[in-house]
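Report on the following structure.
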Amino acid sequence: MKVNYKRYGLYLLRWQASTPILAGVGILLATMGQIVAAVVANLIGGLIFFWVDQFIFTSQSLAAQWEVRDNITCVDCGRTARGYRLVRSGEYDRTQDHAPEFRCEECSLKKSHELKGRGIKID
Ligand SMILES: [Zn+2]
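The sequence shown begins at 10 in this note's numbering and counts up one residue at a time.
This is the structure:
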């Protein structure tokens, strides 16, 4: 399994953010039964972290974005094939590219390797 370290880091921070809720359980424990306190704390946590987790695991801003098109002419080798281009990954942003360059799978892999060599992170 490939780990997206941005997502993993956010997920670890998310667990730290649940610490105040656990602290709240201590306060609730003082005034009500343990089971009720745990149910209330988990309900509050679920209401908050459902949305946080959904962002962490589905946000496209945390992953490299690729565009795939059929029947392109590869900008490197001229072959007609299914084409790929990296649209955005971290600081690399070609979302406003008016003349996007597509590459066949083989050339795309070479280009990805080159971009990684320049320090661009590609998932
Ligand atoms: Zn090619």
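Ideal Cβ positions, reconstructed from N, Cα and C, are used throughout, including at glycine.
Item	Value
CB-CB length for Gly-54 against Ser-27, believed under 8 angstroms	6 angstroms
Stretch-stretch touch, CB-based, cutoff 8 angstroms, three pairs: the stretch 21 to 40 with the stretch 57 to 64	yes
Test item: CB-CB of Val-96 and Thr-104 under 7 angstroms	yes
Residue closest to Cys-83, alpha-carbon to alpha-carbon, out of Arg-127, Cys-116, Ile-44 and Tyr-101	Cys-116
Segment contact, 8 angstroms Cβ cut-off, at least three pairs: the stretch 39 to 54 with the stretch 63 to 76	no
Beta-carbon gap between Arg-127 and Phe-111 smaller than 7 angstroms	no
Integer Cβ distance of Arg-7 from Ile-65, believed to fall under 8 angstroms	As shown, the chain starts at 10 and ends at 132. That puts residue 7 outside it, with no answer to give.
Own chain residues within Cβ distance below 7 angstroms of Cys-86, not counting five before or after	Cys-113 and Cys-116
Spatial distance of Gly-42 from Asp-62 (CA atoms)	29 angstroms
Residue from Ala-39, Val-34 and Leu-124 whose Cα sits closest to the Cα of Asp-102	Leu-124
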